[in-house]
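Just so we're on the same page, the numbering used here is the position in the sequence shown counted from 1, plus 825. Only one structure is covered here, and it is reproduced in the block below.
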Amino acid sequence: MLGAMQDWTMRVTHVVDHAAREAGSREIVTHWADGSETRTNWAGIRRDALKMAQALERLGLKPGDKVASIAMNHSRHLVSWFGVAGMGGVLHTVNPRLFEDQLEYIVNHAEDRVVIYDAMFQPIIDLMKDRWPNVEHYICFDSGEHVTSFEDWIGAEDGDYRWVEGDERDPCMICYTSGTTGNPKGVQYEHRSTMLHAMAGLQPAAFAFSAASVMLPVVPMFHAASWGLPYAGAMAGIKFVFCAVNDPAVLHEMMIKEGVTDSAGVPTVWLAHFQYCDAEGIDLPPLKVATIGGSAAPKSMIERLMKSGIRVQHAWGMTETSPIGTVGGPTHDWEQMSFEEKVAKIQMQGRPIFGVELRTVDLDDFTKVLPRDGKTSGALQIRGPWVVKRYFKAEEDAVTEDGWFDTGDVGILHSDGTLQLTDRTKDVIKSGGEWISSVELENAAVGHPAVAEAACIGMAHPKWDERPVLFVVPKPGAECEAQSIIAFLSDKVAKWWLPDAVEFVDDIPHTATGKISKKDLRARFADYRLPEAE
């Protein structure tokens, strides 16, 4: 027997409707690439989204059609998140940092019919146009010669429009993985999964947004749905401050001027901000919350932010999880912890928010579920209503029969649910039958005062199968010796974990999303041999 409550289809258009109705005057500020600034509000975002939906239909688009965006963080990009979904379309946020062959593949694979882009990416458009045969229309978010500008395009519409109705399991957005092995894979987010993810993001243990929150997201809107921030922020009616450039000086100025309370970005963003503040002799902005994701934050970074009075929270997730899986908010015994204990807790990746489940399984036998004892590491698996079931156009599910998705991460689960990531399954080093975490070695190494960045990979060894080698980028002007780094690590990791060699390099390769590319590092040093292996 059915219940007696109202039906209410969970579609993301409800989110912008709510924001416009209940927080319509709350500002959305954009600092553009040319240095100019514009201000709108949630009522304006909804009005423009209605016009955009009309304009897309006038181009002949139908529900289910794909619209690609190649853009940075700004209010017009935010409009597209609701305008495309509002006419039943699917927004494909494209990472402009991908390689040419990846850009060619994902736009063709998604069958995008329209591409909307920032003027700064005109060279990409000019390069790729002939390789995207399905794209029928190109629209520029900015103004310029010989382009259709976004404002002119939607300005021709009156906004007298009703959102397209449909099933809550219809797709509303597609994001592609970074493609570290093979072609990138498409992950289609549903209206329902996106709504559930956004509501979960509002939990006190997650972003904890309120009407007073002012968020400057440094995480790009083209990366993993910008961690769901645009949707969660709309639900709470927060003020957004967007920067179309990631210059630390600009970010710092906007944080101070606009009273930013919350920000979110990968560790390299915070490192760049530290360097800017140190060079200028100024304090960090008076933020309340700094969310760090994408890769593990070094202990020194967490300490500095916390000593500035900022609540620091690690977040873990991936494109396949929409992306939030865990967030490291304060635990029940937070006030009883020492500063050092708090830092140690924050170094971990936090606990699952309601809606997802985690487990670890044996690296050599995925059918063996491991205990949550705070010491046993294994392959991390996840399931929940915003976790991928099947990749776009794939023929088989990407999960086990009972719904578990293998993340490719290696981690430890503690008794209180806290996740401690230790590596990627493809990067963990097996030496003498035992596992060594390359990530833990890297994080320990960057605590050395002369180390700017570090990456660790396993190299073939005749006796131990593999042994760790640490590649280090020294800080400018710093004197750094291999033995000094090994000595520094000696009381931070097990003795048999210590690297067999430390090699100094000018740079370490990164993926299009800013993560260390172990694949490219291995390729660069494919001919490297440990002295014992000669």
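We put the beta carbon where it would ideally sit given N, CA and C, even for glycine.
Asked                                                                                                                                                                 : Found
Three or more beta-carbon pairs under 8 Å between the segment 1219-1227 and the segment 1095-1106, yes or no?                                                         : no
Is residue 850 helix, strand or coil by DSSP?                                                                                                                         : coil
Which of the three DSSP states is assigned to residue 1056 in this structure?                                                                                         : helix
Using three-state DSSP, classify residue 1250 as helix, strand or coil.                                                                                               : coil
Check for me: the beta strand (DSSP E) holding residue 1230 runs from which residue to which?                                                                         : 1230-1238
Can you give me the C-alpha to C-alpha distance between residue 1346 and residue 1288, rounded to a whole angstrom?                                                   : 23 Å
Roughly how many angstroms separate the alpha carbons of residue 1040 and residue 1050, rounded to a whole number?                                                    : 16 Å
Secondary structure at residue 1013, three-state DSSP: helix, strand or coil?                                                                                         : strand
Does the segment 1229-1239 touch the segment 1202-1212, meaning 3 or more C-beta pairs lie closer than 8 Å?                                                           : yes
Taking 8 Å as the cut-off, does the segment 926-933 touch the segment 864-873 (at least 3 CB pairs, one atom from each stretch)?                                      : no
Can you tell me whether residue 1219 is buried or exposed? The criterion is at least 16 other CB atoms within 10 Å of its CB, across all chains shown.                : exposed
I need the DSSP call for residue 826, collapsed to helix, strand or coil.                                                                                             : coil
Taking 8 Å as the threshold (C-beta atoms), are residue 1243 and residue 1176 in contact?                                                                             : yes
In chain order, what are the residue ranges of uninterrupted beta strand (DSSP E) at least 3 long that sit wholly in the segment 899-926?                             : 915-918
Which two residues bound the contiguous beta strand (DSSP E) that contains residue 864?                                                                               : 862-866
Quick test of your reading: residue 1310 and residue 1273, contact by CB under 8 Å. State the CB separation rounded to the nearest angstrom.                          : 6 Å
Is the beta carbon of residue 877 closer than 8 Å to that of residue 950?                                                                                             : no
Would the beta-carbon of residue 1199 fall within 8 Å of that of residue 1239?                                                                                        : yes
Have a look at the DSSP bridge pairing and note the partners of residue 1186.                                                                                         : 1194 and 1204
Locate the alpha helix (DSSP H) running through residue 1279, then write down its first and last residues.                                                            : Residue 1279 -> not in any alpha helix (DSSP H); beta strand (DSSP E) instead, spanning 1276-1286.
Within the continuous alpha helix (DSSP H) that includes residue 1332, where are the two ends?                                                                        : Neither: residue 1332 is in no alpha helix (DSSP H) and is coded neither H nor E.
Out of 1254, 1045 and 1260, which has the shortest C-alpha to C-alpha gap to residue 1283?                                                                            : 1254
Looking only at C-alpha atoms, which of 1076, 1061, 1250 and 1139 sits nearest to residue 1190?                                                                       : 1250
Taking only the alpha-carbon atoms, compute the straight-line gap between residue 855 and residue 899 and give it to the nearest angstrom.                            : 6 Å
What does the alpha-carbon distance come out to for the pair residue 888 and residue 915?                                                                             : 8 Å
So residue 1142 is in the beta strand (DSSP E); what residue range does that whole segment cover?                                                                     : 1136-1142
Below 8 Å between beta carbons: does that hold for residue 1127 and residue 1171?                                                                                     : yes
Any contact between the segment 1139-1150 and the segment 1104-1115? By contact I mean 3 or more CB pairs, one from each, below 8 Å.                                  : no
What would DSSP say about residue 883, mapped onto helix, strand or coil?                                                                                             : helix
Which class does residue 1103 belong to by DSSP, given the choice of helix, strand or coil?                                                                           : helix
Three-state secondary structure (DSSP) at residue 1211?                                                                                                               : coil
Using only the alpha-carbon positions, how far apart do residue 1067 and residue 860 sit?                                                                             : 12 Å
Using 10 angstroms around the beta-carbon of residue 881, count the other beta-carbons present and answer buried if the total reaches 16, otherwise exposed.          : buried
Need the endpoints of the beta strand (DSSP E) that residue 1162 sits in, please.                                                                                     : Careful: residue 1162 lies outside any beta strand (DSSP E) and carries neither H nor E.
Can residue 941 and residue 975 be called in contact, C-beta distance under 8 Å?                                                                                      : yes
Leaving out the 5 sequence neighbours to the left and right, which residues in its chain are closer than 6 Å to residue 1257 when beta-carbon positions are compared? : 1289
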